[in-house]
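K.L.:
I have a structure I would like to understand better, so I am pasting it below and will then ask my questions one at a time.
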């Protein structure tokens, strides 16, 4: 072993000291020429395997990156949805609180904010359930409004929830007046969810676009001046004593989320 080490050192010493045309340099050149084709061939032979390995690595890397990006997109969408929901809720609540300053209502402290937590599954009835009940001061027949207008009235109460019958319900009747003009009638819902102003004098002049508001008369549970709907068209028949006025409800019940209960 020691002899091999000494021989190797001697060869290295001679190799570096002899000129480029020396014997050892010649041997190196011959060996390089002999081994070069073998090295080239082996490199070409294993290149496809290297390429395949690199491709597999890149594929897994791309899949991992794609998964990360998908997760990031989902997170951002949730964040945006949450932000938009919060903004919408804040806007609704702000508009509801603004109702406290509406001159229609005598005492702003007698208003209870609530959120709609469910809707009726019955075909014949139009009701919603809110998350405020007798424990919050809600009582039977309290009017319910939102920033758009009249929603309905409380028709059932528990400690922590209440049922609200909407103005579109067939059992709903609201004494109302057309403005401008002062023409009186009764707003009634229907099985189909249509809202009409009934018992309008046949000679009274009512035009599309006029507002229909609560009259506050005849012992009505609803304060005077709450917007109920807007006149869409007027049906006049010679054989009838009254004309029927079709209304578009002031409240968009498809988007009903937050309401105010007005304590009587």
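Residue numbers (our numbering): 16 to 279.
Think of the CB as a built atom: it goes at the ideal place given N, C-alpha and C, for glycine as much as any other residue.
Keep in mind the model is a prediction, meaning the values are calculated, not measured.
Reducing DSSP to helix, strand and coil, say where residue 148 ends up.
P.N.:
Of the three classes helix, strand and coil, the one that applies to residue 148 here is coil, per DSSP.
K.L.:
Using only alpha-carbon positions, find the residue among 194, 198, 209 that is nearest to residue 186.
P.N.:
When each option's Cα is compared against that of residue 186, the closest is 209.
K.L.:
So what's residue 86 in DSSP terms, helix, strand or just coil?
P.N.:
Residue 86 falls in the helix class under three-state DSSP.
K.L.:
Identify every residue that forms a DSSP beta bridge with residue 263.
P.N.:
In DSSP, residue 263 forms a bridge with 245.
K.L.:
Of all the options 220, 224, 231, 134, which has the alpha carbon lying nearest to the alpha carbon of residue 201?
P.N.:
Ranking 220, 224, 231, 134 by Cα distance to residue 201 puts 231 first.
K.L.:
Comparing alpha-carbon positions, which option in 181, 154, 177 lies nearest residue 267?
P.N.:
Among 181, 154, 177, the Cα nearest to that of residue 267 is on 181.
K.L.:
Please state the DSSP three-state secondary structure of residue 133.
P.N.:
Looking at residue 133 - three-state DSSP - the assignment turns out to be strand.
K.L.:
Taking contact to mean 3 or more Cβ pairs, one atom from each stretch, closer than 8 Å, check whether the region 213–230 and the region 169–180 are in contact.
P.N.:
No: fewer than three Cβ pairs fall under 8 Å.
K.L.:
Tell me whether residue 173 is buried or exposed, calling it buried when 16 or more other Cβ atoms sit within 10 Å of its Cβ.
P.N.:
With fewer than 16 Cβ atoms within 10 Å of its Cβ, residue 173 is classed as exposed.
K.L.:
Ends of the beta strand (DSSP E) at residue 190?
P.N.:
188–194 is the extent of the beta strand (DSSP E) around residue 190.
K.L.:
According to DSSP, simplified to helix, strand and coil, what is residue 158?
P.N.:
Here residue 158 sits in strand by DSSP.
K.L.:
To the nearest angstrom, how far is it from the Cα of residue 129 to the Cα of residue 278?
P.N.:
Taking the straight line from one Cα to the other gives about 13 Å.
K.L.:
Below 8 Å on the Cβ atoms is my contact criterion, and I expect residue 175 with residue 274 to pass it. Report the Cβ-Cβ distance as a whole number of Å.
P.N.:
No, residue 175 and residue 274 are not in contact; Cβ-Cβ is about 16 Å, not under 8 Å.
K.L.:
Give me the residue from 80, 183, 237 with the minimum Cα distance to residue 263.
P.N.:
Per the Cα distances, 183.
K.L.:
Applying the 10 Å Cβ sphere with the 16-neighbour rule, what's the burial state of residue 248?
P.N.:
So residue 248 counts as exposed.
K.L.:
What is the C-beta distance between residue 144 and residue 132, in whole angstroms, given that I count them as a contact (C-beta under 8 Å)?
P.N.:
Sure, about 5 Å apart at Cβ, within 8 Å.
K.L.:
Say whether chain B places a C-beta atom closer than 8 Å to the C-beta of residue 202.
P.N.:
The question asks about chain B, but that chain is absent: this structure has only one protein chain.
K.L.:
Tell me, to the nearest whole angstrom, how far the beta carbon of residue 260 is from that of residue 246; I am working on the premise that it is less than 8 Å.
P.N.:
Going by Cβ atoms, the distance from residue 260 to residue 246 rounds to 6 Å, so yes, they are a contact pair.
K.L.:
Buried or exposed, going by whether 16 or more other CB atoms sit within 10 Å of the CB of residue 258?
P.N.:
That one is buried.
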